[in-house]
Structure formats: structure tokens, C-alpha cells
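Worksheet for the structure shown next.
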Amino acid sequence: MITTREHYQKMTAEEYLEWEAKQEFRHEYIDGEILAMTGGTLPHNDIALNFYRTLYPHIRQRDCRVNVSDAKVQARKNSRYFYPDLVVSCDPNDLKSRDFIQQPTVIVEVLSPGTANYDRTKKLNYYRQIQSLQEYVLVDSEEIVVEVYRRGEGKMWLYYEDEAGEAIALESIEFECAIDLLYEGVSFDQELEDK
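Numbering (the working numbering), first residue to last: 5 to 199.
Written as C-alpha cells, this is what we have:
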């Protein structure tokens, strides 16, 4: 999904949570600023759904939950709330939560041309501050490339990039799948789309 800065009045986190619950569209919240979420492309949606379908049978066998883009993640209490494309949590409190995920283990963002830079820089920085987060996954919607940032020792994060024909591994939840499954049914032929 794409975030856009609109001219909303600054709010406290409590005001945001109350206001957001009444909105027709989703909004992320970063340190008092409101960012409107706009729709993504069909490939963006297909990739997110393929990832969910591939991951769900594995997660179902564990004490974890996986949610798609309508699930809010509290990245920092009273200051940051996001709507990632996919989030996995294995925290017992999150398994019962009805409002938002507080202890994500894995966060997945499907990149689009308008969000790629933001997701690789600012969002990466925000997400790395979540103590429970073990892996941050970026899935490109313009070509078959998956990037994984994995928490290492101390403040170190390890970076992995995989392409078509390879497999993605999420060590924190002991999950592995062929990258091609995430792109099943996704067309990259721009000429066909323009007709």
C-alpha cells in the first residue's frame, strides 16, 4: 500500500486510535503525523495474497497468527502505528488481540515504485526499533526479488536478497518456500497491461 501525507491536524496516539476506528480508509500514525493509505496495484495485491496463502498452512501449525494489510501494528506505544502488507506474531497476547499487533515477529511489505525508497529507509528504521521483530521482508512488485533483513547480534541486521528460482527462508518461524510461489499469476509484461 502507498502512504501519502495529507493535511490532517496533529493528534495524540489516543486521539488517532479513536479517530481511526471511525474512518472509512486506513491511516498510519507516526509521531503525531497522519499518513493516508492508498490502494496498491493488482500485482501488489496478488503478491501479498500469494505470500499469505503460502505462509498460512505453516503458521496454522504453530502458536502464531498471520494477518494481512488490515491489521494494525503498534511499532512504538503511543507514537507509531502501521499497516504492513503481512504481519506474523507468535506472542500470546497478540493471539488474543482485537485491536492491533504489539509483538510482531515478521513484517512483510510489498514494494511499489512509490513506496520502495520509504520502505527501505524510514520504515526499516522504524521497524528495527520493535524489540520483538526478527525479520523484515521486502517483496518487489516490479521484478522477482525478495529482500530479508534479519536481526543479528546487538544492533546488527543481516541482509539477504533472493531472486527467481531461489527460496526465501524466514528463520524466526522456521519457514521456507520457493520465491516463485510468491509471484504465481503475476504478470510483468507492461505492453499487455497498457492495451
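Ideal placement from N, C-alpha and C gives every residue a C-beta, glycine not left out.
Would residue i be called buried (16 or more neighbouring beta carbons within 10 Å of its own) or exposed?
i, result
"Ala168", "exposed"
"Pro96", "exposed"
"Pro47", "buried"
"Tyr187", "buried"
"Leu90", "buried"
"Thr119", "buried"
"Ser73", "buried"
"Ala52", "buried"
"Asn54", "buried"
"Ser93", "buried"
"Leu99", "exposed"
"Glu113", "buried"
"Arg102", "exposed"
Near residue i, what residues of its chain come up, given a Cβ to Cβ distance below 7 Å and the 5 sequence neighbours on each side ignored?
i, result
"Tyr131", "Ala79, Ile111, Leu137 and Tyr140"
"Thr45", "Ser116 and Ser145"
"Ile134", "Ala79 and Pro108"
Once DSSP output is grouped into helix, strand and coil, what is the label at residue i?
i, result
"Leu59", "helix"
"Gly156", "coil"
"Ile51", "helix"
"Tyr187", "coil"
"Glu178", "coil"
"Asp74", "coil"
"Asp144", "strand"
"Leu162", "strand"
"Arg69", "strand"
"Met15", "coil"
"Pro117", "coil"
"Leu137", "coil"
Who does residue i pair with in a DSSP beta bridge?
i, result
"Leu32", "In the sequence on display, residue 32 carries Glu and not Leu. The partner list for Glu32 (beta bridge, DSSP) reads Leu39."
"Ile172", "Cys181"
"Arg80", "Arg84"
What residues in its chain sit with their C-beta under 6 Å from that of residue i, if we drop five residues either side in the sequence?
i, result
"Arg154", "Glu139 and Leu162"
"Asn71", "Val91"
"Phe179", "His62"
Once the 5 residues before and after residue i are set aside, which same chain residues still bring their CB inside 8 Å of it?
i, result
"Asn82", "Thr16, Ala17 and Glu18"
Next on the checklist: With a threshold of 8 Å, are at least 3 pairs of Cβ atoms found where one atom belongs to the region 53-69 and the other to the region 30-39?
Outcome noted: Counting Cβ pairs under 8 Å, fewer than three are found: no touch.
Item to check | Inter-stretch contact (C-beta, 8 Å, three-pair minimum) for the region 13-24 and the region 154-170 | outcome: Output reads no: the region 154-170 does not touch the region 13-24.
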